[in-house]
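Residue numbers (my numbering), protein chains in the order written: chain Z, 162 to 902; chain F, 7 to 315.
Here's the structure, in structure tokens; my notes come after.
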């Protein structure tokens, strides 16, 4: 049972790609060997910046013999036909065998397909894996046509078993595999041959290469911990950075250096960005003075001077970097002390947000206006304070620090707001309004930040909707999916109750207005203030439509023309993202669809509550049974309606009820309707579902005992209308026709 | 792998010019032809026709040269320790990229006096793309003790054409590298020639005044109307040259003027950079201007390929 070892040695693979590449290679090799019938027992992969390694244990040394049979003519067939068949499959007539089948006796040709040697199979599998490797981006080099992530230099490919170790005779575009590899590029660049699979791992470690990521990581984190403890300083680090560092080295050596200058007055975020992003160094702070005192860097080698030249070099580099940052920071501070935010806010006029969506200054104006509307629905956010914070929320885009370190937008804006004499609350609002920055990042909790963050995302979404730059397939250049996700995460996680359609509609009006030439500012203000007066934005839109023409300015009509369509399309998008989000959390998709079908759903908190209640209800036994009853009623109605060509939507007459169970259903329907209305009024969806489930028993009995298609047409009609009553009361909660099962 | 001592590796490097001399010696001895700077203002050594045009087509081509570069918006009146509107790049281009290209590069560091046994050299992912040249490649920035000292790229496309064979390109930012090797904190303090000589000059002696002058010119004085006119002239000339009758009556042969046309593309690119520094180009217009230069570069590349490919 041979073991297989493959190592692909290349120039440096980007840190972020190595792990996935190794796993992909492992999968391709394992799949290829399994498909060929070699039954690999265990396949593992390893990686460093320069190598991808796959080890496979216990392969068959040959793939099993396969038998194939081909049916020929009946034994009774004419000689000519039999000989023809034998010729066509390339065997002699006497090699054909007779088999009895259900249809009679036939002649069969039987072939044995010989097994293939493990070498032959490995050659094919490896060739296929390299040529078809799914790199997201790959390159050619020299005069060759082979593609890899960076130039591929060496392939080690050996099979090893009790009889010894042999090289697989593999060659790809002139690169011939052997049993040789080389060590660390600087510390042990010599080539060496490998005598067995274990020998590879042993010799590689002797040659200063730790091929196991976990071992490198352990070494790094252990040493960092030790240095932190010994120095009595505080580490302000980032796991993501360690993830990257682990894959920039084959032989990690953790070094500690000094930060000479005094940067205690500079915000820690600047120091973190400067050191981590640009130099991949960690920073250690004095626990009391908060002064950054030392840095940790992870080198890719040991040196005879224990790293002192590396530390000295790194110290100089990061001092220069921090001095640079300090210069930018001080310039910014100086600018604010002179003019407050005045100059910066004016400069936002000259920064284009998007060529069809105007400048950052215009964007800020829209955000402030929308945030003010939203703030009325957020506890603790006053419109005045919201507008004040929103109007300075993007001022830092002009600052020198943010143009050098764009990831500090918002963070810096908050600090600068304090310098410009804004209160602490503005700092929090400005800093938090960019949250959440990732799918799992925390959402803002500061009430003003919530209002601004929502307005910000809705401005982006409505803007790109109006200029028709929506995401398609994998293309989402403006990260609109993430904006939609942020919208409902901010709403849901803060339990906000906002009719988003109105504010979204106003933003759409704003974005559309720039495309209508004869629209005056006055008109625009009138429209927006009118739109805000309406509790339900859609009511507003439909009323505009029926208002006599002469009472409405033409610009007004042009503006609202496409509005409903845009609004519904955008909410469709937000709902679709919400659907994906809830399904990931384990919510039934049909519960989501059933609720989305009955409500426009711009109050996302309420929508989610309804969906979750229905999700729970559908999974209960009452729910399951009621669905059966509902579907039966619905099917009967649909059949009758299509046959009779009418819709049974009138109110049934209880005096026409003939049986007790019919009267019972009338009575309970009356009660349930009242209960559901009251529960929905109170937004008590669990209560509404409970009431709905009390329909189950009487509906079941009704179907058992009452015949619907009776000769007396008035009675039949009344019974159908009674069933419609059941259908309608359920529909108040959700469109149950969309529930599966 | 690293055969140090190919050159006089023990001799210390004392000055900016030593660094240039060492690199020239090293790459000349590695088989590169030493070219001279291109005589037009360019934003990067890549613009030199020896890179942009010669990276195209099948002919082998290995060259090295110093190229003065202009980045008008980076002017800081000579005050910033490491930002200049005029600086030098050392550019190496080898086509096809030799398999030992990375090893050669490391040896070049040794020739500069960097002891690879004491320093930490890292290849950190950094793919290169030039929107104005319609060019891209994969590679790294090279770090020495956490500081970027070179850019290393395998060209995949130039002017929209696949590079076959692939060229390997190395760019050394000479001032930054010099400051690092010579242990200088401000570029103007860097010795330009041997600091022990009687005629010692610092980088500041050579360039401080011109940095000041150009900073004012770039930011405040360059006449934007003239620039705009020049941009449009260069653009028109480039197109006109490429559209001209291929047959040269005096030569009585086909004579397509690829490089004269490409000169106009380089000029347009530099004028665009100047207008950008003057702050008269909005973000929207920016993309449009870059697109116009790219169209010129692409047409020059097309003409070059049909002539040489």
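Backbone N, C-alpha and C define an ideal beta-carbon position, used for all residues, glycine too.
Bear in mind the structure is a predicted one, so any value in this text is a computation, not a measurement.
- Closest in alpha carbon position to residue 316/Z, among 304/Z, 295/Z, 298/Z and 352/Z, is 352/Z.
- When the beta-carbon positions are compared, residue 644/Z and residue 618/Z come within less than 8 Å of each other.
- About 26 Å separates the beta carbon of residue 180/F from that of residue 228/F, a gap too long to meet the 8 Å contact definition.
- Two segments are said to touch when three or more pairs of C-beta atoms, one from each, lie closer than 8 Å; by this definition the stretch 608-623 of chain Z touches the stretch 652-665 of chain Z.
- Inclusion of residue 836/Z and residue 852/Z in the CB contact set at 8 Å is warranted, their separation being smaller than that value.
- By the criterion of a C-beta distance shorter than 6 Å, residue 476/Z is surrounded in its chain by 418, once the five residues flanking it on both sides are discounted.
- The Cβ atoms of residue 410/Z and residue 363/Z do not sit closer than 8 Å to each other.
- For residue 455/Z, the enclosing beta strand (DSSP E) covers residues 453-460.
- Under the three-pair Cβ rule at 8 Å, the stretch 447-455 of chain Z counts as touching the stretch 385-395 of chain Z.
- Proximity of residue 462/Z to chain F, defined by a Cβ-Cβ separation below 8 Å, is satisfied.
- Between the stretch 539-554 of chain Z and the stretch 620-634 of chain Z there are fewer than three C-beta pairs closer than 8 Å, too few to call the two in contact.
- With fewer than 16 other beta carbons inside 10 angstroms of its own, residue 874/Z counts as exposed.
- Cβ neighbours of residue 490/Z within its own chain (closer than 7 Å, five residues either side excluded): 427, 431 and 562.
- Contact note: residue 411/Z does not reach chain F at a C-beta cutoff of 9 Å; the least C-beta distance is about 11 Å.
- If you draw a straight line from the Cα of residue 345/Z to the Cα of residue 368/Z, it is about 6 Å long.
- Residue 776/Z counts as buried, since no fewer than 16 other beta carbons sit within 10 angstroms of its beta carbon.
- Membership of residue 587/Z in the alpha helix (DSSP H) is indicated by the continuous run 585-593.
- Think of a sphere of 7 Å around the beta carbon of residue 126/F: the chain Z residues whose beta carbon falls inside it are 460, 461, 462 and 471, in chain order.
- Under the DSSP assignment, residue 177/F falls in the beta strand (DSSP E) whose first and last residues are 174-179.
- Comparing C-alpha distances from residue 794/Z to each of 215/Z, 755/Z, 768/Z and 864/Z shows the shortest one belongs to 864/Z.
- Here DSSP, grouped into helix, strand and coil, assigns residue 250/F to coil.
- Taken through DSSP and simplified to helix, strand or coil, residue 61/F comes out as coil.
- Within chain F, no C-beta atom comes less than 8 Å from the C-beta of residue 647/Z; the nearest is roughly 25 Å away.
- In this structure residue 157/F is in contact with residue 145/F, their Cβ atoms being roughly 7 Å apart against a cut-off of 8 Å.
- Counting C-beta pairs closer than 8 Å gives fewer than three between the stretch 716-728 of chain Z and the stretch 874-888 of chain Z, which falls short of the contact rule.
- In chain order, 603, 604, 647 and 650 place their CB closer than 7 Å to the CB of residue 597/Z, counting only its own chain and leaving out the 5 sequence neighbours on each side.
- The beta strand (DSSP E) runs of length 3 or more contained entirely in the stretch 283-344 of chain Z are, from start to end of the chain, 313-322, 325-328 and 341-343.
- Nearest CB-CB separation between residue 36/F and chain Z: not below the 8 Å threshold.
- Close to chain Z, meaning a Cβ-Cβ distance shorter than 7 Å, are the following residues of the stretch 133-148 of chain F: 144 and 146.
- When secondary structure is reduced to three states using DSSP, residue 418/Z falls in the strand class.
- Following the DSSP letters along the chain, one finds residue 800/Z inside the alpha helix (DSSP H) bounded by residues 782-805.
- Chain order gives the chain Z residues near residue 122/F as 347, where near means a beta carbon separation below 7 Å.
- With its beta carbon at least 8 Å from every one in chain F, residue 457/Z lies outside the interface.
- At a cut-off of 8 Å between beta carbons, residue 160/F contacts chain Z.
- Rounded to whole angstroms, the gap between the alpha carbons of residue 264/Z and residue 226/Z is 29 Å.
- By the C-beta criterion, the stretch 281-301 of chain F is judged to be in contact with the stretch 506-514 of chain Z, since at least 3 inter-stretch pairs fall below 8 Å.
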